[in-house]
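K.L.:
Questions regarding the structure given below will be posed in turn.
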Amino acid sequence: MRLILSCSGALALTLLLPSTLALKTGDWKTCSQSGFCRRGRALSARAQAASSWTSPYSVDERSIELASDQAGLTAAVTSSLYPAIKFGLEVRVHEDGVVRVRMDEVDGLRKRYDEAASWALIAEPKISKDIQWTVGKKDVRAVYGPKKDIEVVVSFAPLRVVMLRGGKEQVVLNGQGLLHMEHFRTKHEASPAEEGDEAQTVVQVNPAAYFEGETEDAFWDESFGSWTDSKPKGPESLSVDITFPNHGHAYGIPQHATSLDLPTTTGDSPFFSDPYRLYNADVFEYLASSSMSLYGSIPLMHAHSADSTVAVFNAVGSETWIDLSHPTAKSTQTHWISESGILDIFILPGPTPDAIFAQYARLTGTPALPAHWSLGHHQCRWNYVSSDDVRTVQKRFDEDDIPVDVFWLDIEYADEHKYFMWDEKTFPDPIEMTNDVEALGRKMVVIVDPHLKRADNYPVYKSASELGVLVKPKSGEGEYEGWCWTGSSSWIDFFNPASWQWWINKFSTKAIAGEWTWTQSTDSIYIWNDMNEPSVFNGPEITMPKDNVHHGGWEHRDLHNINGMLLPNITAQGLVARSEIPKRPFVLTRSFYAGSQRFGAMWTGDNLGTWEHMAVGAPMVLANGIAGMSFAGSDVGGFFGNPERDMLVRWYQIGAFQPFFRAHAHIDTKRREPYLLEEPYKSIVRDILRLRYAMLPIWYTAFREASVTGIPVLRPHYVVFPRDEAGFSIDDQWFIGGSGLLVKPVTTKDATEASIYLAEDQVYYDYFTHHAHRGAAAGKHVTVSAQLHEIPLLVRGGSIVSTRERHRRSSTLMKHDPFTLRVALSKKSEARGELYLDDGETFAYQTGQIVWREFVAEQPKNTKGLRISSRDLAHAKPGEAVDGVALTSVSPSNPFAKSIESVRVEKIVVLGVSSKPKSVKTEGGAELQFTYTAGVPASGNKEGTASVLVIKDPGVAISKDWAIVLTA
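Those letters in the sequence shown? Residues 188 to 1155, by our numbering.
Right under this line is the structure:
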């Protein structure tokens, strides 16, 4: 999305047509155009070229102090480059084994930004009381863990921090000697080149020149295009190398359009020549394969091998570049270069992916448990032009019997783009319009961006200005003015606590004395926070100048990547506060940081309607999931362009198997709502949407687990099979939660079949045909049919899948629909599954108003046959948390459980029964009617078809304990 400034400087709201839009990579910096990145890479190049290279940082062993409980240590660090500059080191071990390493400049000319972690963390981590440090002549170390197999070693000279497991190095900080914290200095201070007279003696005379470079490079100001960054504090970048000596695969650091298994960026890399950049930016029509920064930044990296998984979370909020290489096939080396901030790194010991998710969740929180309706189908475009347009779109969906839960409004709903304020000409009746949508169980989402139109007739801007909660220019006085959709704009500074309650109040649907509130709204309207990188059309790199000033006097450069998470945080609080009975908020954000998962959903931004963008959206969503942002998706159909009909069908197929499922389109695209498609495309898309709705219990159950454990809703191969090396780079197929569903959407044109990788010697059943595929212990690819109307979808043997098969117009209308259970027996004729339900809208689940069932299929003891049972997990695990809140009690008077007492299981489908049973009956009850279709055994190279037993209306309730016995 772009605006064009006319030659006179007036704002022209001219929208470029998709055919003329092309990614202008020149709008964003490369590393060579970024002074501190150049300096960091030059440091690395000098280290590689030197015959010997030693880090100048060392620990003064005389300064080591151990905490009274020995849980942490502090020490002074000095640099041989600048002996007068002092640094302080702190190393702590948390109760769960995470190691936190902090280093800051002590008594410097200025204070470095040290608040990044406070925005990301949910609480100050609990420090272990069981650590015993041993101080030696060369290092200080501690051994801990349940098996006493984890060791942390802090070496003195040079400073080096290593985590080991079983004696093998897992994570090494400063192993390559690239740690460098550019100290604060005065502008007249001599540069390294000035301290030595002759170039050939620079290394001997002035080690600083050898380490920092012989000339100053963008220390005090820096130009890019027509913009100049004044850099009033001078150079303050932070460089550190992090090595994973025994892990050959790296994942995470979203957001980038690339594969899940991160490609290399150094040397003669065939992939990327630039480091991965973390710098939240409005990169419209981004490249489908690039290390460029995109809309969000999470500085979390997983490193994986068949032996273990480890991770690092680098709590820094400034622009950061990350080089990645593999010195050997079994190791990974990274170099992190940040513009400002302190060293604040959390080393997560694992040793499994699930353990990493739990450790990271204890730091930054789990994904919020979303409202049930938000997992349905969302329909959006820029823009539905009037309230009557919205009503017509809803009518057309219903006429064609196509399910949808949410209609969205982009920026054109607002009068002159003054958010919250409806354009009375086109939306004269917003409350009535919303009520018409709500009457059919649906919701609305409208956009509210962080830039405010600078107009006296806009009460939101006027009150923000009077309150003094707007971002300031580099002078620190007045209000920063930039250009965005509203024209002349100012930006709310959510780092200022005074803005929080003020913003929360804006969402009130009731009047508040002395304040403007959104009384022309209802609690069925939810929010889309866009442009919150922030996007500034006439700013450097289409964002805010780095020398702007925020609350506390911090420059924008210090906290740029954190900025995007604050708006959805406070917006979500506003949505909760507006209702007498609080409802779960839904907030979609484009920009995000570590911890943003606590506040809502994200999407991958302004993609294109191309096969390449469809394909890359999958690993992007997977990468966000392993970094905590499970509630993620890509715009179905692509934001820009007019996708062909077959592409649109395939995109609905992939969207239906991503957590956030929204169709969206640019203002200049043709309308492409599914009811506009001709046959057979319309019916294919309708079937896809119905499948999504049938599977909502699966998605909701997966989100419950994510909200408790942090394990992502979409699970890449390495998460499910962490020891299977053949699958570590797979990112075009994935599992949905713990359901056992394995999907591989088609992302290439004219495909008629697909190859799915099976990692184990287990049976996998085709979800639709019941064809039985058998994997192999060494891994195996199977070919499945993938005609345009077919989705490659398998059910892993050993799984029980819960669905609701009634076709409804929205998910809200499904609350009392019956369930179907698909029991996919394993090789051992066993299966298990879970189902989680609550009211889907309020926070009553936090007091135990839930239904949480476990279904088990197993052979009864001492007899042949099969027993399928249901038991109550809410009572079995009363202390387990949901959405981070412990279930303190689950009483028999559970109102929600009572409200669905009549909801039944209408059908049980059992796949893989070895022979037709003699009888099927409820345990202690009557005989049940069933049908049995024998399977076709495998022969030669042909795989077989599973036997199918169908029990219709078994007469059991979904919320009760029961058992059904199949007698052989």
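Heads up, the beta-carbon is just placed ideally off N, CA and C, and yes, glycines get one too.
Note that the structure is predicted; figures quoted are calculated from it, not measured.
#1: Span of the alpha helix (DSSP H) holding Tyr648?
#2: Return the first residue and the last residue of the beta strand (DSSP E) that Met479 is part of.
#3: In terms of alpha-carbon separation, which member of Ala805, Ile1151 and Gln760 lies closest to Arg785?
#4: Based on the DSSP output, what are the partners of Asn716 in its beta bridges?
#5: Could you name the residues of the same chain whose beta carbon sits closer than 6 angstroms to that of Met816, not counting the 5 residues immediately before and after it, in chain order?
#6: Closest by CA to Val950, which one among Val982, Val971, Phe922 and Glu940?
#7: So if DSSP puts Lys640 in a beta bridge, which residue, or which two residues, is it bridged to?
#8: Determine the burial state of Thr990: buried for a count of at least 16 other Cβ atoms within 10 Å of its Cβ, exposed for fewer.
#9: Spell out a yes or no on whether the segment 968 to 980 and the segment 989 to 1005 are touching, meaning 3 or more CB-CB pairs, one atom from each, closer than 8 angstroms.
#10: From Gly665, Phe681, Gln220 and Asp602, pick the residue whose C-alpha is nearest to that of Asn644; which is it?
#11: For Pro557, which residues of its own chain have a beta-carbon under 8 angstroms away from its beta-carbon, when the five flanking residues on both sides are left out?
#12: Is the segment 612 to 630 in contact with the segment 651 to 662, if contact means three or more CB pairs nearer than 8 angstroms?
#13: Using alpha carbons as the reference points, say which of Gln707, Glu506, Arg297 and Val427 lies closest to Val359.
#14: Considering only their Cβ atoms, is the gap separating Val895 from Arg1054 smaller than 8 angstroms?
#15: Is the beta carbon of Val1092 sitting closer than 8 angstroms to the one on Leu1008?
#16: Please report how far the alpha carbon of Thr217 lies from the alpha carbon of Asp461, in whole angstroms.
#17: Report the residue from Gly1035, Lys316 and Pro727 whose alpha carbon sits nearest the alpha carbon of Asp214.
#18: Per DSSP, what kind of secondary structure is Val1152 in: helix, strand or coil?
#19: Hey, quick one: how far does the beta strand (DSSP E) through Tyr463 stretch, first residue to last?
#20: So what's Gln1116 in DSSP terms, helix, strand or just coil?
#21: Can you give me the start and stop residues for the beta strand (DSSP E) that Thr265 sits inside?
#22: If you compare alpha carbons, which of Ser255, Ala304 and Val349 is closest to Gln319?
#23: Using a Cβ distance threshold of 8 angstroms, determine whether the segment 250 to 270 contacts the segment 303 to 323, with at least three qualifying pairs required.
#24: Among Leu809, Arg961 and Gly1122, which has the Cα closest to the Cα of Gly439?
#25: Does the distance from the CB of Ser342 to the CB of Lys355 come in under 8 angstroms?
#26: Step through the CB atoms of chain D and report whether any lies within less than 8 angstroms of the CB of Asp256.
#27: Hey, quick one: how far does the alpha helix (DSSP H) through Asp745 stretch, first residue to last?
#28: So, with DSSP's three-state summary, where would you put Thr1034?
#29: Does the beta-carbon distance from Leu435 to Thr496 come in below 8 angstroms?
#30: Would you check if there are 3 or more beta carbon pairs closer than 8 angstroms linking the segment 1097 to 1114 to the segment 945 to 962?
#31: Kindly list the residues whose CB is nearer than 7 angstroms to the CB of Asp1148, restricted to its own chain and excluding five residues on each side of it in sequence; keep chain order.
#32: If Thr1120 sits next to Val1107, beta carbons under 8 angstroms apart, how far is it from one beta carbon to the other, in whole angstroms?
#33: With a 10 Å radius around its C-beta and 16 neighbouring C-beta atoms as the bar for buried, classify His565 as buried or exposed.
#34: Cβ atoms of Asn719 and Ser778: under 8 angstroms apart, would you say?
#35: Using only the alpha-carbon positions, how far apart do Arg961 and Tyr954 sit?
#36: Quick one: Cα of Thr939 to Cα of Asp494, how far?
P.N.:
For this structure:
#1: The residue you call residue 648 lines up with position 461 of the sequence shown. Here the alpha helix (DSSP H) through Tyr648 covers Pro646 to Leu654.
#2: Taking the sequence shown and counting its residues from 1, the one referred to as residue 479 is at position 292. That residue, Met479, is in no beta strand (DSSP E); it is neither H nor E in DSSP.
#3: Here residue 785 refers to the residue found at position 598 of the sequence shown. Selected option, being the one with the closest Cα: Gln760.
#4: Within the sequence shown, the letter at position 529 stands for residue 716. Partner(s): Thr776.
#5: Start at 1 with the first residue of the sequence shown, and residue 816 comes out as number 629. Hits under 6 angstroms: Gln784 and Met789.
#6: Indexing the sequence shown from 1 puts residue 950 at position 763. Among Val982, Val971, Phe922 and Glu940, the Cα nearest to that of Val950 belongs to Val982.
#7: Against the sequence shown, residue 640 aligns to sequence position 453. Per DSSP, Ser676.
#8: Residue 990 sits at position 803 when you count from the first residue of the sequence shown. Buried, by the Cβ-count rule.
#9: no
#10: Here residue 644 refers to the residue found at position 457 when the sequence shown is read from its first residue. Nearest C-alpha to Asn644: Asp602.
#11: Locating residue 557 in the sequence shown gives position 370, where the first residue counts as 1. Once the five neighbours on either side are set aside, the close Cβ partners of Pro557 are Arg771, Phe773, Gly787, Ala788, Phe818 and Phe890.
#12: no
#13: Reading the sequence shown from its first residue, position 172 is the one you call residue 359. Measuring from the Cα of Val359, the nearest candidate turns out to be Val427.
#14: As a position in the sequence shown, residue 1054 is number 867, starting the count at 1. As a position in the sequence shown, residue 895 is number 708, starting the count at 1. No, the pair does not count as a contact, with Cβ atoms beyond the cut-off.
#15: Mapped onto the sequence shown, residue 1092 falls at position 905. Mapped onto the sequence shown, residue 1008 falls at position 821. Closer than 8 angstroms, so yes.
#16: Counting from 1 along the sequence shown, the entry for residue 217 is found at position 30. Counting from 1 along the sequence shown, the entry for residue 461 is found at position 274. Cα-Cα distance, rounded: 7 angstroms.
#17: Counting from one through the sequence shown, the residue named residue 214 turns up at place 27. When only C-alpha atoms are compared, the closest one is Pro727.
#18: In the sequence shown, residue 1152 corresponds to position 965, counting from 1. Val1152: strand per DSSP, three-state reduction.
#19: The residue labelled residue 463 in the question sits at position 276 within the sequence shown. First-last of the beta strand (DSSP E) with Tyr463: Tyr463 to Leu465.
#20: For the purposes of this step, residue 1116 is taken as the residue at position 929 of the sequence shown. Three-state DSSP puts Gln1116 in coil, outside helix and strand.
#21: Residue 265 sits at position 78 when you count from the first residue of the sequence shown. Residues Gly259 to Ser266.
#22: As a first step, residue 319 must be located in the sequence shown, where it is residue number 132. Nearest C-alpha to Gln319: Ser255.
#23: yes
#24: Residue 439 sits at position 252 when you count from the first residue of the sequence shown. With distances taken between Cα atoms, Gly439 lies closest to Leu809.
#25: Counting from one through the sequence shown, the residue named residue 342 turns up at place 155. Counting from one through the sequence shown, the residue named residue 355 turns up at place 168. No, the Cβ-Cβ distance between Ser342 and Lys355 is not below 8 angstroms.
#26: In the structure shown, chain D does not exist; there is a single protein chain.
#27: Taking the first residue of the sequence shown as 1, we reach residue 745 at position 558. Taken as a continuous stretch (DSSP letters only), the alpha helix (DSSP H) holding Asp745 covers His743 to Ala764.
#28: For this step, residue 1034 is matched to residue 847 along the sequence shown. Helix at Thr1034.
#29: Taking the sequence shown and counting its residues from 1, the one referred to as residue 435 is at position 248. Taking the sequence shown and counting its residues from 1, the one referred to as residue 496 is at position 309. Strictly speaking, residue 435 in this sequence is Gly, with Leu absent from that position. Not in contact: Gly435 and Thr496 (Cβ atoms no closer than 8 angstroms).
#30: yes
#31: One-based indexing of the sequence shown puts residue 1148 at position 961. The answer, listed in chain order, is Ser1057, Arg1058 and Asp1059.
#32: Position 933 of the sequence shown, counted from the first residue, corresponds to residue 1120. Position 920 of the sequence shown, counted from the first residue, corresponds to residue 1107. The pair is not a contact, with the Cβ atoms about 14 angstroms apart (cut-off 8 angstroms).
#33: Within the sequence shown, the letter at position 378 stands for residue 565. Burial call: buried.
#34: To locate residue 778, count along the sequence shown from 1; it is residue 591. To locate residue 719, count along the sequence shown from 1; it is residue 532. A contact, by the Cβ cut-off of 8 angstroms.
#35: Along the sequence shown, read from residue 1 onward, the residue named residue 961 stands at position 774. Along the sequence shown, read from residue 1 onward, the residue named residue 954 stands at position 767. About 14 angstroms.
#36: Here residue 939 refers to the residue found at position 752 of the sequence shown. Here residue 494 refers to the residue found at position 307 of the sequence shown. Cα-Cα distance, rounded: 37 angstroms.
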